[in-house]
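This report refers to the structure that appears directly beneath it.
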Amino acid sequence: MHKWKWLLALMAVTHLPAQTTTAPRNTESRVRVAFWNIQWFPGRRPNASSRDEDKQVNSVQRDMRLINADIMGMEEVRDFAKATLAIAPLPGLKIDVISNFPAREGQNVGQQVAIASRFTPMSAWMEMWKPAGPLTPPRGFAFAAYEIAPRQLLLVYAVHLKSNRGEIAEDIAIREE
3 MHKWKWLLAL MAVTHLPAQT TTAPRNTESR VRVAFWNIQW FPGRRPNASS RDEDKQVNSV
63 QRDMRLINAD IMGMEEVRDF AKATLAIAPL PGLKIDVISN FPAREGQNVG QQVAIASRFT
123 PMSAWMEMWK PAGPLTPPRG FAFAAYEIAP RQLLLVYAVH LKSNRGEIAE DIAIREE
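Take 3 as the starting number for the sequence shown in this note's numbering and just add one per residue.
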């Protein structure tokens with residue numbers, strides 16, 4: 003009798019439908035995500051000439067076509083209009099969030115971080131780092147949450163921590179913190 007119970011249990015288990023704990027992967031639908039520090043876009047420096055700006059715009063737009071990301075995090079863009087200019091060649095891509103960090107000492111424009119995508123964000127915001135003493139990093143982050151498929155969330159942060167504006171000891175301490 004004991005053997006029959008095990009045999010019936012084994013037969014019942016083998017006829018149960020398969021269950022998975024993870025969502026099935028569809029190799030046809032991938033999300034391409036890229037991040038790029040565009041170096042003071044446009045122009046590669048804060049006070050770039052019109053010629054330098056045009057040169058970098060052409061270069062960045064050419065490379066954006068090659069990257070062809072569904073979600074693009076960008077660092078060191080000047081503002082919303084310039085971030086929009088960077089992604090202009092990519093149909094359907096739009097800026098979902100961009101920071102509004104103040105310009106650093108001695109500069110007339112700030113370096114912003116942005117997230118662009120072909121998706122509708124569920125939520126998006128930017129925030130400056132909270133002061134935590136003399137070694138608080140400059141700027142902050144941008145964030146966006148996307149539902150890329152039913153019940154599949156993608157959380158994206160764009161962060162620009164590097165800073166070469168202070169004394170060498172201060173810059174090193176910020177990076178090590």
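Cβ atoms here follow ideal geometry from the backbone N, Cα and C, with glycine treated the same way.
Here the structure is a predicted model, which is why all the values come from computation and not from measurement.
Is residue i close to chain D? Criterion is C-beta to C-beta, closer than 8 Å.
i, result
"Val-35", "Going by chain labels, chain D is absent from the structure shown, which holds only one protein chain."
Which residues in the same chain have their Cβ closer than 7 Å to the Cβ of residue i, if we skip the five residues on either side of it in sequence?
i, result
"Val-161", "Val-115 and Phe-143"
"Leu-10", "In this predicted model, Leu-10 has a pLDDT of only 42, less than 50, meaning its place in the structure is not dependable; the value taken from the coordinates is given anyway. So no residue of the chain qualifies."
Relative to the ligand MN, is the shortest distance from any of its heavy atoms to the C-beta of residue i smaller than 7 Å?
i, result
"Asn-60", "In the structure on display, the ligand MN does not appear, and there are no ligands present to speak of."
Nearest CA to the CA of residue i: which residue from the options?
i, options, result
"Gly-75", "Asp-56, Lys-57, Asn-60 and Leu-95", "Leu-95"
"Pro-44", "Val-33, Asn-110, Asp-65 and Glu-78", "Glu-78"
"Gln-58", "Arg-46, Val-35 and Met-66", "Arg-46"
"Ile-89", "Arg-120, Leu-155, Gln-109 and Gln-113", "Arg-120"
"Asp-56", "Phe-37, Arg-67 and Leu-87", "Leu-87"
"Met-66", "Pro-152, Arg-34 and Met-130", "Arg-34"
I believe residue i touches residue j by the beta-carbon criterion, under 8 Å. Please report the beta-carbon distance rounded to the nearest angstrom.
i, j, result
"Ile-73", "Val-158", "6 Å"
"Ala-50", "Trp-42", "7 Å"
"Pro-139", "Leu-155", "Actually they do not touch by this definition, with Cβ atoms about 27 Å apart."
Is it true that the CB of residue j sits closer than 8 Å to the CB of residue i?
i, j, result
"Trp-127", "Phe-145", "yes"
"Ile-97", "Ala-105", "no"
"Met-124", "Glu-149", "yes"
"Gln-113", "Arg-141", "yes"
"Gln-63", "Pro-93", "no"
Only counting the same chain, and skipping five residues up and downstream in sequence, which positions put a Cβ closer than 6 Å to that of residue i?
i, result
"Arg-80", "Val-111"
Go through its chain and collect everything with a Cβ distance to residue i's Cβ below 8 Å, but skip five positions before and after it.
i, result
"Arg-27", "Low local confidence applies: a pLDDT of 42 at Arg-27 is under 50, so the model's placement there is unreliable, and no value is given."
What residue ranges within the region 57-124 form continuous alpha helix (DSSP H) runs of no fewer than 4 residues, ordered along the chain? The region 57-124 contains these whole alpha helix (DSSP H) runs: 82-89.
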